[in-house]
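Trainee: Sequences listed follow chains L and A, in order.
Going by my numbering, the first residue of the first sequence is number 1, and it counts up by one from there.
Going by my numbering, the first residue of the second sequence is number 113, and it counts up by one from there.
For reference, the structure I am asking about is given below.
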Amino acid sequence: RKEVEQDPGPFNVPEGATVAFNCTYSNSASQSFFWYRQDCRKEPKLLMSVYSSGNEDGRFTAQLNRASQYISLLIRDSKLSDSATYLCVVNGRTSGTYKYIFGTGTRLKVLA
Amino acid sequence: DAGITQSPRHKVTETGTPVTLRCHQTENHRYMYWYRQDPGHGLRLIHYSYGVKDTDKGEVSDGYSVSRSKTEDFLLTLESATSSQTSVYFCATDPGLAGQRTQYFGPGTRLLVL
């Protein structure tokens, strides 16, 4: 089992739609959680950190469920510019080392 | 965004030749990382550094070595490149401050080993 798992998609949605991605992680000792966005042939860029209480940034809402070990990202009112791959990232101490573990990403295509 | 540059941005080389990739940061971040990204695998950690001259192996370190002689520079060397090392290589930095742990990525280096 991968340490961080995501549905690879692609998710094809019309402009204006609401879309949600989930990510599960296996290490219950994980401490911090993030969503990154990666455009084609570009570097990953931090979209938002994910806090236990949930957090919102404009059209984006992230939730963390520690009991079930999953993280979600909700995008409302999708824009063409939201088309990208969304990476779920988890970190925490493993064998004394602070590590970031990346999911393989969920691809989103927003269609006109 | 953190000021992270990578050089070269693209490189084509032949099997058996040595290759060095450079990562340079201007943010004085403590931690630096080298990843490779391949289809179906996501980002995989090659090596990381937690300070000048302090480095450690990641999950795919075989065939790679690193050096960090200054805070701002982290070098990745492929001693004898193989076709399996064809990939996109990303450098990342992390300030390492409690409560502010997150990573910032450089633009990447596309390496093709023929």
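Don't be surprised by glycine CBs; every beta carbon is placed ideally from N, CA and C.
What you are looking at is a predicted structure, and each value in this text was computed from that prediction instead of being measured.
1) Could you tell me whether the region 209 to 225 of chain A touches the region 121 to 140 of chain A, where touching means 3 or more Cβ pairs closer than 8 Å?
2) Between F186 (chain A) and chain L, is the shortest Cβ-Cβ distance under 8 Å, so that the two count as touching?
3) DSSP puts C40 (chain L) in a beta bridge; with which residues?
4) On the three-state DSSP scale, how would you describe Q215 (chain A)?
5) Answer yes if the region 79 to 99 of chain L comes into contact with the region 29 to 36 of chain L, meaning at least three C-beta pairs across the two stretches below 8 Å, and no otherwise.
6) Spell out the partners DSSP gives D166 (chain A) in its beta bridges.
7) Below 8 Å on C-beta distance, what does Q137 (chain A) contact in chain L?
8) Can you tell me which residues form a DSSP beta bridge with E5 (chain L)?
9) Return the residue from the list L:N22, L:S49, L:Q6 and L:S81 that minimises the CA-CA distance to D39 (chain L).
10) Note down, in chain order, every chain A residue with its Cβ under 7 Å from the Cβ of Y100 (chain L).
11) Could you tell me whether any Cβ in chain L is nearer than 8 Å to the Cβ of P219 (chain A)?
12) Taking the C-alpha atoms as reference points, what is the distance between T205 (chain A) and R59 (chain L)?
13) According to the Cβ coordinates, are T189 (chain A) and T132 (chain A) closer than 8 Å?
14) Count the other CB atoms within 10 Å of the CB of A210 (chain A); is the residue buried (16 or more) or exposed (fewer)?
15) If you measure from the beta carbon of H153 (chain A) to each beta carbon in chain L, is any gap under 8 Å?
16) State the Cα-Cα distance for the pair Y162 (chain A) and C135 (chain A), rounded to the nearest angstrom.
17) Check whether the Cβ of T104 (chain L) lies closer than 8 Å to any Cβ atom in chain A.
18) Taking only runs of the beta strand (DSSP E) that begin and end inside the region 49 to 73 of chain L, which ones reach a length of at least 3 residues, in chain order?
19) Is the CB-CB distance between F202 (chain A) and L155 (chain A) below 8 Å?
20) Does S32 (chain L) come out as helix, strand or coil in the three-state DSSP assignment?
21) Which residues in chain A sit within 8 Å of N91 (chain L), going by Cβ to Cβ distance?
Mentor: On the basis of the data shown:
1) The region 209 to 225 of chain A makes contact with the region 121 to 140 of chain A; the number of CB pairs closer than 8 Å reaches 3 or more.
2) One-based indexing of the second sequence puts residue 186 (chain A) at position 74. No - not a single Cβ of chain L is within 8 Å of the one on F186 (chain A).
3) For the purposes of this step, residue 40 (chain L) is identified with residue 40 of the first sequence, where counting begins at 1. According to DSSP, which records beta bridges pairwise, C40 (chain L) is partnered with nothing at all.
4) In the second sequence, counting from the first residue as 1, residue 215 (chain A) sits at position 103. Residue state, collapsed to three classes: coil.
5) With a cut-off of 8 Å on Cβ pairs, the region 29 to 36 of chain L is in contact with the region 79 to 99 of chain L, counting three or more such pairs.
6) In the second sequence, the residue the question calls residue 166 (chain A) occupies position 54. In DSSP, D166 (chain A) forms a bridge with A:G163.
7) Taking the first residue of the second sequence as 1, we reach residue 137 (chain A) at position 25. Scanning chain L for C-beta atoms nearer than 8 Å to the C-beta of Q137 (chain A) yields nothing, as the closest lies near 13 Å away.
8) Within the first sequence, numbered from 1, the residue matching residue 5 (chain L) stands at position 5. Residue pairing by DSSP places E5 (chain L) opposite L:T24 in a beta bridge.
9) Start at 1 with the first residue of the first sequence, and residue 39 (chain L) comes out as number 39. The shortest Cα separation from D39 (chain L) among L:N22, L:S49, L:Q6 and L:S81 belongs to L:S81.
10) For the purposes of this step, residue 100 (chain L) is taken as the residue at position 100 of the first sequence. Within chain A, the residues Q215 have their CB atoms less than 7 Å from the CB of Y100 (chain L), given in chain order.
11) For this step, residue 219 (chain A) is matched to residue 107 along the second sequence. It does; some Cβ of chain L falls within 8 Å.
12) Locating residue 205 (chain A) in the second sequence gives position 93, counting from the first residue. Locating residue 59 (chain L) in the first sequence gives position 59, counting from the first residue. The alpha-carbon atoms of T205 (chain A) and R59 (chain L) are separated by roughly 28 Å.
13) As a first step, residue 189 (chain A) is located in the second sequence; it is residue number 77 there, counting from the start. As a first step, residue 132 (chain A) is located in the second sequence; it is residue number 20 there, counting from the start. Taking 8 Å as the Cβ cut-off, T189 (chain A) and T132 (chain A) qualify as a contacting pair.
14) In the second sequence, counting from the first residue as 1, residue 210 (chain A) sits at position 98. A210 (chain A) should be labelled exposed.
15) As a first step, residue 153 (chain A) is located in the second sequence; it is residue number 41 there, counting from the start. So yes, H153 (chain A) belongs to the interface.
16) Indexing the second sequence from 1 puts residue 162 (chain A) at position 50. Indexing the second sequence from 1 puts residue 135 (chain A) at position 23. Approximately 15 Å, taken between the alpha carbons.
17) Here residue 104 (chain L) corresponds to residue number 104 of the first sequence, with the count starting at 1. Cβ-Cβ to chain A under 8 Å: yes for T104 (chain L).
18) If you keep only unbroken beta strand (DSSP E) runs of at least 3 residues inside the region 49 to 73 of chain L, you get 55 to 57 and 60 to 65.
19) Within the second sequence, numbered from 1, the residue matching residue 202 (chain A) stands at position 90. Within the second sequence, numbered from 1, the residue matching residue 155 (chain A) stands at position 43. Yes; because the gap between Cβ atoms is below 8 Å, this pair is in contact.
20) Along the first sequence, one-based indexing puts residue 32 (chain L) at 32. It is a strand residue.
21) Along the first sequence, one-based indexing puts residue 91 (chain L) at 91. What N91 (chain L) touches in chain A: R213.
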